[in-house]
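Before any comments, here is the structure.
Number of protein chains: 2
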Amino acid sequence: MNHRYSERICSTQKSFIREILKVTANPEIISFAGGLPNPNLIDDEGIQKAAAAVLKEDGKTALQYSTTEGHPPLREWIAERYRTRYGLSVDADNILITNGSQQCLDLVGKVYIDKGDSVIIEDPGYLGAIQSFSMFQAEFLPVPLNEEGPDMACLKNVLDTTSAKFMYGIPNSQNPSGISYSESRRRDLGAILCEYEMPFLEDDAYGELQFDGVTRKPVSAYMDGEGILTGSFSKIFSPGMRMGWVCAPDEVMEKILIAKQASDLHSNYLSQRILSKYLDENDIDAHIAGINEAYGKRAGWMIAKMEECFPDDVHFTRPTGGMFVWLTLPEGVSSTRLFDAALERKVAILPGTPFYTNGGGESTARINFSNSDKDEILTGIGIVAEVLEEIRTTPQ
Amino acid sequence: MNHRYSERICSTQKSFIREILKVTANPEIISFAGGLPNPNLIDDEGIQKAAAAVLKEDGKTALQYSTTEGHPPLREWIAERYRTRYGLSVDADNILITNGSQQCLDLVGKVYIDKGDSVIIEDPGYLGAIQSFSMFQAEFLPVPLNEEGPDMACLKNVLDTTSAKFMYGIPNSQNPSGISYSESRRRDLGAILCEYEMPFLEDDAYGELQFDGVTRKPVSAYMDGEGILTGSFSKIFSPGMRMGWVCAPDEVMEKILIAKQASDLHSNYLSQRILSKYLDENDIDAHIAGINEAYGKRAGWMIAKMEECFPDDVHFTRPTGGMFVWLTLPEGVSSTRLFDAALERKVAILPGTPFYTNGGGESTARINFSNSDKDEILTGIGIVAEVLEEIRTTPQ
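Here the protein sequences line up with chains R and F, keeping their order. Okay, so the first sequence: first residue is 1 according to my numbering, each after it adds one. Okay, so the second sequence: first residue is 397 according to my numbering, each after it adds one.
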């Protein structure tokens with residue numbers, strides 16, 4: 001058979017993370033490589049009750065085909081939360097339910113990107129987005145992140161000298177770096193994007209996972225209703241049910257709807273109904289508070305252990321939310337070498353190079369804290385420190 | 397904001413069917429326009445039991461992230477069914493679970509189609525496929541269908557004079573025409589596609605819905621393991637749970653996996669687990685037999701009523717499976733006019749023009765029988781016949 005594959009598929013690699021996760025799935029390994037929510041914080045009993053109620057009360061409807069946009073009460077719940085938490089003026093018509101927030105990237109890619117078009121992205125940037133936009137043969141314009149968010153001088157230069165279709169970013173507890181944009185940076189970013197009429201795709205997978213208790217307004221709140229937001233129930237409800245959403249202005253939503261119809265008609269309706277019932281019958285804010293308490297402790301143990309046993313020339317972010325710490329080793333120390341050596345001691349980290357669209361990052365690594373317990377964190381970080389010392393004193 | 401949308405999205409229309417379905421959702425309307433499985437034949441009680449068992453026995457795992465390929469026992473179940481029903485030599489590694497079979501079209505589009513590439517398609521062809529491939533800016537090479545399948549002389553001419561990436565078809569109870577390819581046509585089609593090394597994307601959404609009791613081998617069975625098959629649990633289990641699959645040779649599957657990762661990481665894992673449990677605990681063949689008995693009766697009532705009250709110059713297919721009858725009105729009689737006039741009498745049909753990628757079909761219509769009861773079928777077809785008589789005797 002003569003398979004003449006598309007250009008796009010020939011130029012896209014398998015997900016590096018998913019390949020690494022296969023290696024690290026061995027239960028003997030302490031894995032900081034993945035990005036899994038802690039299963040102990042998934043309310044399987046509550047979900048079981050909600051599923052039973054939906055299937056008993058309205059099973060035949062919940063199992064039938066449904067609308068492309070998604071279940072109206074669920075869309076209204078999301079819109080209402082945007083209004084009350086952030087003061088955004090959106091309603092249910094601005095919300096479309098997707099298969100996790102990853103699918104939003106695919107849909108927005110379809111709506112904006114022709115071959116060779118450019119997308120502005122954080123450097124380092126989220127690997128899932130890089131992979132998704134690569135499917136549409138995007139070129140990337142990376143803007144470095146610093147402690148407060150994207151480097152504004154660099155961004156201005158990119159806006160002045162290039163032409164992009166949109167900017168993509170994760171202002172809350174960014175993946176992979178763990179940093180959150182400061183409030184003033186959000187304001188400045190919103191202003192400059194509006195000035196240049198540059199759409200912003202704001203990925204807010206971690207907005208609810210803020211264990212410092214601070215509610216941070218999305219950049220979209222400073223963009224006069226023009227932002228495109230994506231959100232996810234994966235981190236606060238269930239990742240396996242693949243419930244995410246995109247929130248967009250009417251004009252953009254009309255295009256996203258066409259892309260969704262062509263992609264898979266509509267998202268799993270039974271899961272939408274179970275989620276909607278769960279939100280009606282449970283105190284999701286209390287549940288989220290419990291997750292944040294648990295993740296905050298884990299981040300605290302990890303940071304304390306790193307401070308205790310890492311040398312001064314190793315830098316790491318101090319996340320106030322999300323699931324990741326970002327490690328920067330001294331120049332010349334390869335995180336791939338650290339990965340290999342730590343894996344021999346049955347500890348897995350994630351080397352940072354795949355997050356850089358323009359090369360670099362050889363000394364960086366992403367460390368997940370959400371899916372390990374206290375002993376694993378203390379033991380695992382201790383081993384990483386020992387291994388780091390070994391590779392620094394051993395020629396490659 | 398300066399939304400510079402992609403070429404693809406600007407050239408793709410909203411689904412005509414989904415727009416019509418909004419008009420016909422009024423419960424006072426007898427609708428033959430959609431393609432819904434009959435909700436009375438969805439086993440909501442069995443699914444409720446399976447959901448309860450999965451969530452009770454293994455909830456935290458079933459709600460967690462999972463693999464891109466899908467739940468291994470479910471993939472093995474599908475592979476085993478291909479082996480025993482059709483003698484295909486496939487195993488679980490050749491199966492990937494998708495969000496309904498519609499997503500297979502998106503994934504295969506990603507894997508093969510660059511802007512301007514051609515796809516060979518039945519004429520009339522499935523609207524969901526036309527929409528999905530249009531997202532990748534495909535051109536269509538339509539091959540007319542006759543009673544036995546694609547017109548082979550025309551197909552040979554297309555293969556000789558053009559260059560396509562693959563052929564797409566629905567050999568069992570085709571949507572929209574309702575016809576099934578004959579066995580000899582399947583054999584000939586498989587042979588010519590192999591001769592020209594042309595991949596075949598075989599959409600088998602209706603393979604299990606054969607109420608004449610005949611098991612028809614897929615065209616892929618005559619292609620030496622080179623076919624790409626898609627299947628769906630929407631018609632035999634639940635459409636709302638969006639459970640479909642693609643079956644492909646190893647080499648192609650490697651590409652599809654990359655496309656699936658980039659699209660949404662993986663399909664709803666809880667639903668995969670519920671489906672898998674349901675298949676373990678229930679006699680799906682008995683369930684399918686019940687659906688076929690019910691749909692066979694409905695098709696019979698519809699055909700009998702059409703034979704009774706349609707004039708001789710109206711042609712219609714006599715489906716042996718699936719969910720649709722295809723109507724061809726006398727030349728010059730517009731099915732859009734019939735649609736409008738019938739809708740005034742609260743009966744909805746689906747005009748056939750959107751199924752033609754190269755124009756034409758103005759006198760054709762698709763009539764669904766699966767989602768109406770006997771009274772609705774007899775009354776509705778009677779009204780269509782009356783309205784048809786009226787518009788033929790009234791100048792437009």
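Every residue, glycine too, gets a C-beta built ideally from N, C-alpha and C.
Same chain, Cβ closer than 8 Å to residue i, five either side skipped, listed in chain order
i, result
"Phe607 (chain F)", "Asn688, Glu689, Tyr691, Gly692, Ala695, Thr716, Gly717"
"Ser11 (chain R)", "Ser134, Gln137"
Residue i at chain F interface by Cβ criterion, 8 Å
i, result
"Ala52 (chain R)", "yes"
"His3 (chain R)", "yes"
"Met167 (chain R)", "no"
"Ile9 (chain R)", "yes"
"Ile291 (chain R)", "no"
"Arg83 (chain R)", "no"
"Pro239 (chain R)", "yes"
Segment limits, beta strand (DSSP E) that includes residue i
i, result
"Ser628 (chain F)", "624-628"
"Met223 (chain R)", "Segment: none, Met223 (chain R) is in no beta strand (DSSP E) and carries neither H nor E."
"Gly321 (chain R)", "Taken as a continuous stretch (DSSP letters only), Gly321 (chain R) belongs to no beta strand (DSSP E), as it is neither H nor E."
"Leu96 (chain R)", "95-99"
"Met548 (chain F)", "Premise fails: Met548 (chain F) lies in the alpha helix (DSSP H), 548-557, not in any beta strand (DSSP E)."
Cut-off 7 Å between Cβ atoms - residues of its own chain near residue i, not counting five sequence neighbours on either side
i, result
"Ala447 (chain F)", "Ile670"
"Ile575 (chain F)", "Leu541, Glu543, Thr713"
"Glu28 (chain R)", "Lys346"
"Gly46 (chain R)", "Tyr278, Asn282"
"Ser101 (chain R)", "Asp203, Ala205, Thr230, Gly231, Ser232, Gly244"
Cutoff 8 Å: residue i Cβ touching any chain R Cβ
i, result
"Tyr508 (chain F)", "yes"
"Gly586 (chain F)", "no"
"Thr673 (chain F)", "According to the sequence as given, residue 673 (chain F) is Lys; it is not Thr. By this cut-off, Lys673 (chain F) is not an interface position."
"Glu604 (chain F)", "no"
"Pro540 (chain F)", "no"
"Thr764 (chain F)", "It should be noted that the sequence gives Asn, not Thr, for residue 764 (chain F). Answer no: the Cβ-Cβ gap between Asn764 (chain F) and chain R never drops below 8 Å."
"Lys651 (chain F)", "yes"
DSSP beta-bridge partners of residue i
i, result
"Ala365 (chain R)", "R:Leu327, R:Pro351"
"His711 (chain F)", "F:Thr724"
"Asp123 (chain R)", "R:Pro144"
"Met563 (chain F)", "F:Ile516, F:Phe596"
"Gln210 (chain R)", "R:Gly321"
"Met243 (chain R)", "R:Asn99"
"Glu535 (chain F)", "F:Ser514"
"Ser427 (chain F)", "F:Ala744"
"Gly149 (chain R)", "R:Asn146"
Nearest-angstrom Cα separation, counted from residue j out to residue i
i, j, result
"Glu604 (chain F)", "Ile517 (chain F)", "22 Å"
"Ala560 (chain F)", "Tyr602 (chain F)", "26 Å"
"Thr24 (chain R)", "Glu543 (chain F)", "55 Å"
"Ser89 (chain R)", "Val252 (chain R)", "16 Å"
"Arg83 (chain R)", "Trp77 (chain R)", "10 Å"
"Pro520 (chain F)", "Val119 (chain R)", "38 Å"
"Asp160 (chain R)", "Gly227 (chain R)", "20 Å"
"Ser672 (chain F)", "Ala341 (chain R)", "40 Å"
"Lys445 (chain F)", "Leu265 (chain R)", "27 Å"
"Leu75 (chain R)", "Ile192 (chain R)", "Checking the sequence shown, residue 75 (chain R) turns out to be Arg, not Leu. Straight-line Cα distance between these residues: approximately 30 Å."
"Thr67 (chain R)", "Tyr269 (chain R)", "9 Å"
"Thr394 (chain R)", "Gln13 (chain R)", "32 Å"
"Glu80 (chain R)", "Gln261 (chain R)", "25 Å"
"Ser238 (chain R)", "Tyr461 (chain F)", "8 Å"
"Gly240 (chain R)", "Ser234 (chain R)", "7 Å"
"Ile411 (chain R)", "Val325 (chain R)", "Absent from the structure is residue 411 (chain R), since the part of chain R shown begins at 1 and ends at 396."
Residue range of the alpha helix (DSSP H) that includes residue i
i, result
"Leu388 (chain R)", "374-393"
"Leu459 (chain F)", "Careful: Leu459 (chain F) lies outside any alpha helix (DSSP H) and carries neither H nor E."
"Leu265 (chain R)", "Segment: none, Leu265 (chain R) is in no alpha helix (DSSP H) and carries neither H nor E."
"Ile405 (chain F)", "403-406"
"His683 (chain F)", "680-705"
"Phe237 (chain R)", "That residue, Phe237 (chain R), is in no alpha helix (DSSP H); it is neither H nor E in DSSP."
"Glu677 (chain F)", "665-677"
"Tyr356 (chain R)", "Here Tyr356 (chain R) belongs to no alpha helix (DSSP H), and DSSP marks it neither H nor E."
Heavy atom of the ligand FAD within 7 Å of residue i beta-carbon
i, result
"Thr732 (chain F)", "Ligands displayed in this structure: none; no statement on the ligand FAD is therefore possible."
6 Å Cβ shell around residue i - same chain, five flanking residues per side excluded
i, result
"Leu21 (chain R)", "Gly34"
"Leu501 (chain F)", "Ala525, Ser528"
"Pro800 (chain F)", "Residue 800 (chain F) lies beyond the stretch modelled for chain F, which goes from 397 to 792, so this question has no answer here."
"Leu597 (chain F)", "Val504, Phe562, Tyr564, Ile624"
"Asp487 (chain F)", "Ala475"
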